[in-house]
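Participant: Heads up: the protein sequence lines correspond to chains X and P, in order. 105 is the number of the first residue of the first sequence in the numbering used here; add one for each residue after it. 8 is the number of the first residue of the second sequence in the numbering used here; add one for each residue after it.
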Amino acid sequence: MTTTKMPSKYTKEEYVKPPHGFCAGCPIPIALRWFLKVVGEKVVLLMPPGCAAPSVLFPKPSLIYQGQRIKVLMTPFGSASIFAGGVKSALIARGDTETQVVVWAGDGATFDIGLAGVSAAAERNEDIIYVCYDNEAYQNTGNQRSSATPWGVITTTNPLPTPKMEYKKDIMSIITAHRIPYAATLSIAYPDDFMRKVEKAKALNGFRFLHLLTPCVAAWLFPAGLGVEVSRLAVETKVFPLFEAEYGDIITITKEPKGLPVEEYFRVQGRYRHLTKEQIDMLQSEVDKRWNRLQYLATYSSK
Amino acid sequence: MIKVITGNEAAAYGALLSRPAVVCTYPITPQSRIPEQISEFYAQGLLKGKFINVESEMAALGYVTGASIGGVRVFTATSSQGLAWMHEGLHWAAGARLPIIMANVNRPFGAPWNLTCDQIDSLAQRDTGWMQFYCESNQEILDTIIQAYRIAEQVSLPAMVCLDGVYLSYLSESVDIPDQVKVDEYLPPYSPQFELLGSGGGWKLMDVHPPIEGGYDPFNFMGDRYELHKLESQCVETAVKADKEFYELFGRTYPLVEEYKCEDADVVVVSSGSAVGTCRQVINSLHDTGQKVGLVKMKMFRPFPRELVRKALSGRQKIAVIDRNLSPGQCGIFYHEIKWALNMNVNHKFIPVYGFVSGLGGADITARLIEKAIQYTMREEPPEQEVIWLGLEEKKISDDYDKNAIKIY
Chain X
105 MTTTKMPSKY
115 TKEEYVKPPH
125 GFCAGCPIPI
135 ALRWFLKVVG
145 EKVVLLMPPG
155 CAAPSVLFPK
165 PSLIYQGQRI
175 KVLMTPFGSA
185 SIFAGGVKSA
195 LIARGDTETQ
205 VVVWAGDGAT
215 FDIGLAGVSA
225 AAERNEDIIY
235 VCYDNEAYQN
245 TGNQRSSATP
255 WGVITTTNPL
265 PTPKMEYKKD
275 IMSIITAHRI
285 PYAATLSIAY
295 PDDFMRKVEK
305 AKALNGFRFL
315 HLLTPCVAAW
325 LFPAGLGVEV
335 SRLAVETKVF
345 PLFEAEYGDI
355 ITITKEPKGL
365 PVEEYFRVQG
375 RYRHLTKEQI
385 DMLQSEVDKR
395 WNRLQYLATY
405 SSK
Chain P
8 MIKVITGNEA
18 AAYGALLSRP
28 AVVCTYPITP
38 QSRIPEQISE
48 FYAQGLLKGK
58 FINVESEMAA
68 LGYVTGASIG
78 GVRVFTATSS
88 QGLAWMHEGL
98 HWAAGARLPI
108 IMANVNRPFG
118 APWNLTCDQI
128 DSLAQRDTGW
138 MQFYCESNQE
148 ILDTIIQAYR
158 IAEQVSLPAM
168 VCLDGVYLSY
178 LSESVDIPDQ
188 VKVDEYLPPY
198 SPQFELLGSG
208 GGWKLMDVHP
218 PIEGGYDPFN
228 FMGDRYELHK
238 LESQCVETAV
248 KADKEFYELF
258 GRTYPLVEEY
268 KCEDADVVVV
278 SSGSAVGTCR
288 QVINSLHDTG
298 QKVGLVKMKM
308 FRPFPRELVR
318 KALSGRQKIA
328 VIDRNLSPGQ
338 CGIFYHEIKW
348 ALNMNVNHKF
358 IPVYGFVSGL
368 GGADITARLI
378 EKAIQYTMRE
388 EPPEQEVIWL
398 GLEEKKISDD
408 YDKNAIKIY
């Protein structure tokens, strides 16, 4: 089993206090814990409906700093990035330039219902950090397909024999096309890379977008102890490459993947179990194609 | 300072004088002049707050909701389809007890497309928990926006100031623009009743009001709704007081339920919005010929000022309500609520109420039509039908409904 360890230089302060309501083995609280260690307590978290909002609030509030609750603001589903711009404006109007306004939203709230708001916030370069924790379907409501769901997987709205036949929306291309100051992909399997990217985002102003893959124990169908391993395989198979983009132009691959066959990533997950050899080969060539494109962009933009 | 301005511009002046910290809008016919005028104020440096025009009405309301949660005074404006696009956020803002002020230019919903005037857009939002005020003139629009802040911030609830599309939004009238110093005296700087993002890290609202942070507990939820509903009498009292204070400073008054020439009137016409102006004219000429017909103007619709309505209308022989709106399958909406307020209380004597529906989709509610409605009310026994069509274009159809429908051309 792969484990993951945070670099020791970060604060011993714990912001995520048990009990929380996340499923056993869910990577979201790990990511939230690390993220807050960098961002600190001067923060307002805006959470639309999704796995995170109810899980940090129930059974009781679990984001605490020195006995005080971290400010968590629930919003309507499609409104998190919109509310965030408003909250930031109010803070500025009241002379608070320090507090980080953070949206912590799932793939449904980002790729689907809230996309207009995300795009508009990016276009206006709102001074917020937007974290999309992507578990590739509406997991809070029980694994219905979203536009972040990959080709070929089963969900509760794609039962066999009708798995999803559309590709995953390339949110990073959409976001970087807005030429925002910073966009990056994050994985809990690479703590140094994760922390560095959050630090970099924190140091910048304007719209900063972090795309975080959070494998879902309940819906991707892997044993609860394998969240980190699945995260690692997503990177090493090039399914979810780690990279960052500054102003949409300068693209840097931050972790060179081993280039393992995609089958190794699929094999550990029940949601891919029904794929045929031909389908896996097709997906391998698709992943290779996307990887070549990213490499091309990275090479081209670094010159 | 007297200026000749449109209703939209009056709304923008009302907002400017109220010193909002964040104004966020999205353009829509017939409201677009409001964001334009505000952006001109912003460009000239008159508006000290932030102004942005965003990607949708949902975003315009969402943005000011975020800012209001952050504890500053905000303003937005919309109309019709835009108000419907905000619907989710309307409930949210009221549930979160945010004193957001919005100008809504009354325009119908499509289909079919209609860019003019009726009140169904805001009346369809009657269950959201927002206060609603309907204006008769451009002066009233400007003054009501300032008053709305005064009221909303005391009761911590959002308020909608409604003005008729085209009839007021595009109409130019002379408007007395109040002195900023006097407005500042009337409307002190905003200090939020519930401090959501204050220093100290605590969500004060959360301790008493969980809806922002959760609200999954049904008992808490019912408690919140109880609190929201309980505010109805406080809203009316606060609004009456705010108008009195406004009168003392500015010499203008807008009763929530205004009685016009109602002394000894057996028959009273009730209406709202710009149609009230025409009604006044008709009432004046009827009085000239010795007919004692009164007029009641409904300025406040939510919370429904039922005691004031009962006070104005009890003891009359007949009431004629002219609605510029229709709840299809039921009747005119003001009519419905007024009839209920008068007759659902067993302590009151039953009063026949006549429900006229007129002026939908911008059709003109003319003096002639109002006169006909009054004549019908005086002449006829109260009909079984809940809708009397006033000004419906004559069509050559004759089904069973058509035979029974009451139409006044």
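Built from N, CA and C at the ideal position, the CB exists for glycine as well. Since the structure is predicted, the reported quantities are computational estimates derived from the model, not experimental observations.
1. If you draw a straight line from the C-alpha of L387(X) to the C-alpha of F326(X), how long is it?
2. Residues of chain P with CB under 9 Å from S335(X), in chain order?
3. Out of L136(X), Y119(X), Y114(X), which has the shortest C-alpha to C-alpha gap to W208(X)?
4. Grouping DSSP H, G and I as helix and E and B as strand, with all else coil, what is N145(P)?
5. Is D371(P) helix, strand or coil by DSSP?
6. May I ask you to report which of helix, strand or coil DSSP gives Y114(X)?
7. Mind checking which residues open and close the alpha helix (DSSP H) that includes I340(P)?
8. Just verifying my parser: in three-state terms, what is the DSSP assignment at V206(X)?
9. Could you spell out where the alpha helix (DSSP H) holding F139(X) opens and where it closes?
10. Chain X beta carbons: is any one of them nearer than 9 Å to that of S25(P)?
11. Thinking G182(X) and I232(X) are a contact (beta carbons under 8 Å), I'd like their distance in whole angstroms, please.
12. When the cut-off is 9 Å and only beta carbons count, does E118(X) lie next to chain P?
13. Report the option in T83(P), L54(P), G21(P), G77(P) whose CA atom is closest to the CA atom of T32(P).
14. Counting only Cβ-Cβ distances shorter than 7 Å, please list the residues of the segment 80-114 of chain P near chain X, keeping chain order.
15. Taking DSSP's pairing of strands, which residues face V11(P) in a bridge?
16. Given a limit of 8 Å on CB to CB distance, which residues of the segment 56-72 of chain P reach chain X?
17. Use the C-beta contact count for S240(P): other C-beta atoms within 10 angstroms, 16 or more gives buried, fewer gives exposed.
18. Starting from the C-beta of A28(P), find all residues in its chain whose C-beta is less than 6 Å away, skip the five residues before and the five after it, and write them out in chain order.
19. Of the residues that make up the segment 144-157 of chain P, which ones have a beta carbon closer than 8 Å to any beta carbon in chain X?
20. Go through the segment 272-314 of chain P residue by residue and report every complete run of the alpha helix (DSSP H) that reaches 4 residues or more, in order.
21. Find the nearest neighbour of G154(X) within the set K109(X), K362(X), Q243(X), judged by alpha-carbon distance.
22. Give me the Cβ distance between K268(X) and T253(X), rounded to the nearest whole Å; I'm assuming they're in contact under 8 Å.
23. Measuring alpha carbon to alpha carbon, tell me which of V182(P), D330(P), P335(P) ends up nearest I345(P).
24. L219(X) versus chain P: which residues are under 8 Å apart at the beta carbon?
25. Roughly how many whole angstroms lie between the Cα atoms of Y416(P) and V360(P)?
26. Spatial neighbours of T384(P) within its chain, please: C-beta separation below 7 Å, excluding the five flanking residues on both sides.
27. Strictly under 9 Å for the Cβ-Cβ distance: is T260(X) near chain P by that measure?
28. Are there three or more Cβ pairs, one per stretch, closer than 8 Å when the segment 260-274 of chain X is compared with the segment 94-111 of chain P?
29. Between which residues of its own chain and L302(P) is the CB-CB distance below 6 Å, once the five residues before and five after are set aside?
30. Can a CB atom of chain X be found closer than 9 Å to the CB of I35(P)?
31. Would V142(X) and K359(X) be called neighbours here (beta carbons separated by less than 9 Å)?
32. Residues of the segment 189-212 of chain X in Cβ contact with chain P at a cutoff of 7 Å, in chain order, please.
33. Give a yes or no on whether the minimum CB-CB distance between V29(P) and chain X is below 9 Å.
34. Tell me the DSSP bridge mates of R133(P)?
35. Near P390(P), what residues of its chain come up, given a Cβ to Cβ distance below 7 Å and the 5 sequence neighbours on each side ignored?
36. Quick check: the segment 277-287 of chain X against the segment 298-317 of chain X, are at least 3 beta-carbon pairs closer than 8 Å?
Facilitator: Let me spell this out:
1. Whole-angstrom Cα-Cα distance: 20 Å.
2. Within 9 Å Cβ-Cβ: nothing; S335(X) doesn't reach chain P, min ~29 Å.
3. Comparing Cα positions, the closest option is L136(X).
4. The answer is helix: DSSP assigns N145(P) an H, G or I state.
5. D371(P) falls in the coil class under three-state DSSP.
6. When secondary structure is reduced to three states using DSSP, Y114(X) falls in the coil class, being assigned neither helix nor strand.
7. Segment 340-350, the alpha helix (DSSP H) holding I340(P).
8. Of the three classes helix, strand and coil, the one that applies to V206(X) here is strand, per DSSP.
9. 132-143 is the span of the alpha helix (DSSP H), which, as asked, contains F139(X).
10. No, S25(P) does not count as interfacial toward chain X.
11. Contact flag wrong, Cβ pair sits at about 16 Å.
12. Residue-level contact check: E118(X) does not touch chain P, since none of the beta carbons of chain P fall below 9 Å from its beta carbon.
13. Measuring from the Cα of T32(P), the nearest candidate turns out to be T83(P).
14. Within the segment 80-114 of chain P, the qualifying residues are E95, G96, W99.
15. Answer is S181(P), bridged to V11(P).
16. Residues of the segment 56-72 of chain P whose Cβ lies closer than 8 Å to any Cβ of chain X, in chain order: G56, K57, I59, V61, E62, S63, M65, A66, G69, Y70, V71, T72.
17. Flag for S240(P) reads exposed.
18. Leaving aside the five residues that flank A28(P) on each side, the residues in its chain whose CB is nearer than 6 Å to its CB run, in chain order, G56, V79, R80.
19. Across the segment 144-157 of chain P, no CB contact with chain X closer than 8 Å is found for any residue.
20. As far as the segment 272-314 of chain P is concerned, its whole alpha helix (DSSP H) runs of at least 4 residues are 282-295.
21. Per the Cα distances, Q243(X).
22. About 5 Å; that satisfies the 8 Å criterion.
23. I345(P) has its Cα closest to that of D330(P), out of V182(P), D330(P), P335(P).
24. Residues of chain P with a Cβ closer than 8 Å to the Cβ of L219(X) do not exist, since the nearest Cβ in that chain sits about 11 Å away.
25. Distance from the CA atom of Y416(P) to the CA atom of V360(P), rounded to whole angstroms, is 20 Å.
26. Excluding sequence positions up to five before and after T384(P), its CB lies within less than 7 Å of the CB of V274, K325, A327, Y361, all in the same chain and listed in chain order.
27. No - not a single Cβ of chain P is within 9 Å of the one on T260(X).
28. When C-beta atoms of the segment 260-274 of chain X are compared with those of the segment 94-111 of chain P, fewer than three pairs fall below 8 Å, so the two segments do not count as touching.
29. Same-chain partners within the cutoff: Y267, V276, C286, I290.
30. Not an interface residue.
31. No.
32. Among the residues of the segment 189-212 of chain X, those with a Cβ less than 7 Å away from any Cβ of chain P are G189, G190, V191, S193, A194, L195, A197, R198, in the order of the chain.
33. Answer yes: the Cβ-Cβ gap between V29(P) and chain X drops below 9 Å somewhere.
34. Its beta-bridge partners do not exist; DSSP assigns none.
35. Taken in chain order, the residues that qualify are I413.
36. Touching, per the Cβ criterion.
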